[in-house]
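Counted from 1, the sequence shown has number 673 at position 619 by our numbering; the numbering is strictly sequential. Backbone N, C-alpha and C define an ideal beta-carbon position, used for all residues, glycine too. What you are looking at is a predicted structure, and each value in this text was computed from that prediction instead of being measured. Comments concern the structure below.
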Amino acid sequence: MKKMVFFLAMVVMVLPFYGQGMDEGKIEELLSRMTRREKIGQMSQLDGRYDEVTREKVRKGEAGSFLSFDPARMNEFQRIAVEESRLGIPLIFARDVIHGYKTVFPIPLGMASSFDPSLVERCSRVAAKEARADGIRWTFAPMVDIARDPRWGRIAEGFGEDPELVSQLGAAAVRGFQGPDLSAPESVAACAKHYAGYGGAEGGRDYNSTYIPERLMREVYLRPFEMLAANGVSSFMSAFNDNDGIPMSANRFYLRHVLREEWMYDGVVVSDWNAVDELINHGYAVDGKDAARKAIDGGVDMEMVSSHYIRYAESLLEEGKIAEKEVDDAVRNILRLKWKTGLFDRPYYDDKAERPFYCPEHLACAREAAEKSVVLLKNDNQLLPFTNSVKTVAIIGPFADSQVDQMGTWAMDGEKEFIRTPLKALEELYGKQVRFIYEPVLRSGRDTDTKNFSRALVAAGKSDVVLLFLGEESFLSGEAHSLADISLRGAQSGLLEALSQAGRPIVTVIMAGRPVPLEREAALSDALLYAWHPGTMGGDALADILFGKAVPSGKLPVTLPCHGGQIPVYYNHKNTGRPAPEGVPTLRDIDEAPRQTTMGNTSAYLDYGKDPLFVFGYGLSYTTFSYSDMQLSNRRLLSVSDSLEVKCVLTNTGRREATEIVQLYIRDCEGSVTRPVKELKKFMRVTVKPGEQKRICFVLTPRDLMYWDADMKRRAEPGRFFVWIGGNSKEGLKEEFRLE
Ligand code: GLC
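Written out as structure tokens, the structure is:
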């Protein structure tokens with residue numbers, strides 16, 4: 055009998071019952087039973103080598119999370135954690151599911167062109183379902199870094215240059231990933247990254263230092279993170295960059311004062327890959343022990359991949375160099391995340407279950423996302439959509455049939471075999487009504503060999519129209535893939551020049567991970583579509599747009615420069631003391647050396663003036679829209695409880711039903727600090743039938759007018775405001791009002 059009792063005791067010991075659901079009391083109870091080493095084990099995320107060393111670490115409770123993963127091995131290691139470690143705390147398995155898991159959506163910068171939070175939410179939900187089916191419980195997404203410099207390869211991974219758009223789409227992605235119930239079988243924990251200012255890398259060179267003053271940080275770079283913190287994102291990831299000399303992965307001000315004390319955030323902060331160790335490279339820590347101390351004290355709960363916490367944190371505690379409370383708080387956050395994701399109740403995943411990968415609903419969502427992400431930038435003489443008069447089309451260029459490039463960056467679980475390229479989709483969907491002649495001409499976007507140009511010209515000569523696919527290979531954007539020269543590479547532009555001599559209308563389709571300067575290419579094209587890297591269903595989406603079954607509605611989420619030398623160029627810039635007027639003269643307007651002051655001393659380039667090629671928020675349709683009858687409900691906002699209705703009438707003046715992304719911008723004309731010339735405050739997608747009119751109404755409140763003033767206080771200052779409603783950041787109906 056005695057033996058039996060002992061056995062039962064062991065079972066109870068090894069499989070502690072944590073019970074359904076989570077409450078802080080359970081966290082405290084478990085925490086009270088943890089040794090220091092077990093606590094620090096929870097603060098350690100391993101890079102997922104499924105080997106004997108790792109097995110032993112898990113058994114000893116020295117690992118809280120795995121980063122990369124192997125679906126076939128996860129349950130095996132989870133069983134060690136749950137059934138062989140002393141306290142049975144489950145591991146949380148994480149992965150970068152950025153824009154789809156198996157079903158690949160357009161890159162986030164492409165999805166941002168939709169200005170459609172509900173779409174982003176649905177796509178994230180699909181990604182969560184597919185990822186969760188393979189046992190992933192935590193994704194390192196959405197990336198909500200504001201990017202104003204397209205040399206930075208990771209511009210592809212975010213939602214663009216505007217804080218309002220990035221905030222709304224980032225919050226939508228969190229809703230999609232996490233769902234209403236984070237513990238549900240198709241939810242995954244999300245992660246707001248990279249906190250913060252990472253997109254402001256000097257020179258657009260990844261991992262480079264940033265010099266973002268607190269006001270700009272709060273006005274621009276922090277806004278999406280604040281929105282996500284307020285909307286329940288489960289975790290944050292601290293960034294690689296040092297900002298004004300303090301690495302963000304040890305930055306007490308932003309990780310503790312702003313995130314915890316101001317925003318009252320209680321989620322997990324995980325470092326970026328090896329970022330704790332890299333405090334040494336920064337020259338901010340002298341060694342691994344110092345790095346562990348500064349990261350823990352700075353506010354990083356979990357160390358990704360480097361192992362200084364598990365090596366040094368116990369001695370740091372014994373030496374009093376870090377406080378027990380700092381460790382306990384970090385572990386509380388981690389246990390809370392695990393409980394909320396349901397890991398204590400269901401630590402394993404059903405590795406025998408049928409996977410929902412590529413199911414029709416998921417592919418339909420990817421197709422809708424690809425359609426809405428395409429931006430029509432030019433369409434001379436209504437060349438698009440193709441009419442029945444188009445009988446033969448020359449499909450030319452290295453991106454007409456490139457499955458791997460179509461996936462874009464951060465699609466490591468996507469399978470290129472499932473990618474539907476434009477060539478395949480066009481032949482399958484429209485091959486009966488149109489003859490396609492396909493000539494890739496270049497082996498890749500970087501191919502400089504012009505020997506096949508003649509083949510392109512022959513194909514063009516036999517066709518009614520040229521459909522040219524140019525762009526960037528997917529590996530030219532993404533992490534650690536910044537470019538000093540972001541113009542089209544290889545002989546691509548030369549190919550377009552050559553084709554422009556063939557006497558056929560040219561439709562150019564750009565697949566890229568960043569806004570590429572296209573001044574010459576746009577001039578030589580009769581129609582220009584920007585498709586980003588459009589993912590699994592990009593081919594079908596483009597085919598339907600080209601033949602008019604779908605109508606383009608996308609708008610640019612980033613400014614598209616004339617020339618790389620204009621960078622950084624973005625719409626919500628300051629006015630300066632010498633703003634350049636519209637049509638400021640440039641070198642093209644003069645033919646001899648002018649006297650010094652002829653050009654007018656204003657803030658513009660002699661060669662490229664002041665304007666980009668295409669502005670933020672710009673995009674055409676197959677119909678035309680007019681805006682009229684703008685009205686304000688009042689011209690004075692008297693108190694913080696006031697609100698202002700801004701109305702207008704949107705008319706579809708063309709012949710196609712279509713969707714317009716209506717945008718509302720303001721300008722604060724006078725402030726205790728200088729203010730941007732425009733700020734996007736509201737947007738909505740409105741579908742209008744031909745000839746139909748729709749009344750648009752946005753509501754502005756003083757909260758929408760708040761900013762960080764000269765005293766670093768967030769408030770709406772009295773004064774004069776302009777307000778615009780329109781279809782992009784350059785045009786629109788304008789009115790003004792005052793805040794008293
Ligand atoms: C990478 C990226 C980060 C990613 C992490 C894990 O270096 O900076 O975005 O989530 O490591 O893969």
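ALA576 and LEU431 do touch by the CB rule: their CB atoms are close to 7 Å apart, below 8 Å. Short note on TRP192: C-beta not closer than 6 Å to any heavy atom of ligand 1. Collapsing the DSSP output to three states places TRP778 in a strand. Residue state for SER361 is assigned as coil, using DSSP reduced to three classes.
Within 10 angstroms of the beta-carbon of MET88 lie 16 or more other beta-carbons, which makes it buried.
When beta bridges are read from the DSSP output, LYS628 appears opposite PRO730. In this structure, ALA304 places its C-beta atom within 7 Å of the C-beta atom of LYS348.
By the Cβ rule, the segment 192 to 201 counts as touching the segment 149 to 158, because three or more pairs are nearer than 8 Å. For ligand 1, no non-hydrogen atom lies closer than 6 Å to the CB of ASP696.
Near ligand 1, residues with a Cβ at less than 7 Å from any of the ligand's heavy atoms are LEU121, ASP150, PHE194, MET197, LYS247, HIS248, MET291, PHE294, ASP326, TRP327, MET358 and GLU533; the list follows chain order. Here CYS702 carries a strand assignment [DSSP, helix/strand/coil].
For MET318, the three-state secondary structure derived from DSSP is coil.
Judged by DSSP secondary structure, MET165 falls outside any beta strand (DSSP E) and instead within the alpha helix (DSSP H) spanning 162 to 166. Residue nearest to SER547 within the set ARG574, GLU527, TYR319 and TRP778 is ARG574 (criterion: CA-CA distance). Counting only runs that start and end inside the segment 231 to 300, the alpha helix (DSSP H) elements of at least 4 residues fall at 277 to 284. Looking at the DSSP output, TYR681 sits in a beta bridge with LEU704.
Residue environment for HIS153: buried (at least 16 other C-beta atoms within 10 angstroms of its C-beta). Ranked by Cα distance from ASP188, the first of CYS723, VAL242 and GLU315 is VAL242. Under the three-state reduction of DSSP output, ALA424 falls in the helix class. With fewer than 16 other Cβ atoms from the protein chains shown falling within 10 Å of its own Cβ, PRO635 counts as exposed. Straight across, the Cα-Cα distance linking ARG314 with TYR402 is about 32 Å. The C-alpha of MET591 is placed about 13 Å away from the C-alpha of CYS177. Under the three-state reduction of DSSP output, MET197 falls in the strand class. Beta-carbon to beta-carbon, ALA201 and GLY214 are separated by about 7 Å, close enough to satisfy the 8 Å threshold. The three-state secondary structure of LYS183, taken from DSSP, is helix. In the three-state scheme derived from DSSP, where H, G and I count as helix and E and B as strand, TYR672 is classed as coil. Contact between ALA126 and TYR155 does not hold, since the beta-carbon distance rounds to 16 Å and is not under 8 Å.
Assigned with DSSP and collapsed to three states, LYS379 falls in helix. Rounded to whole angstroms, ILE364 and LEU173 show a C-alpha spacing of 41 Å. Under the DSSP assignment, LEU100 falls in the beta strand (DSSP E) whose first and last residues are 98 to 100. In the DSSP assignment, ASP399 forms no beta bridge with any residue.
Sequence-distant partners of ASP296 (beyond 5 residues in either direction) whose C-beta falls short of 6 Å from its own C-beta, in its chain, are SER263 and HIS336. Boundaries of the beta strand (DSSP E) harbouring GLN717: 712 to 722, taken from the DSSP string.
Taking a C-beta distance under 7 Å as the contact criterion, SER687 and LEU698 qualify as a contact pair.
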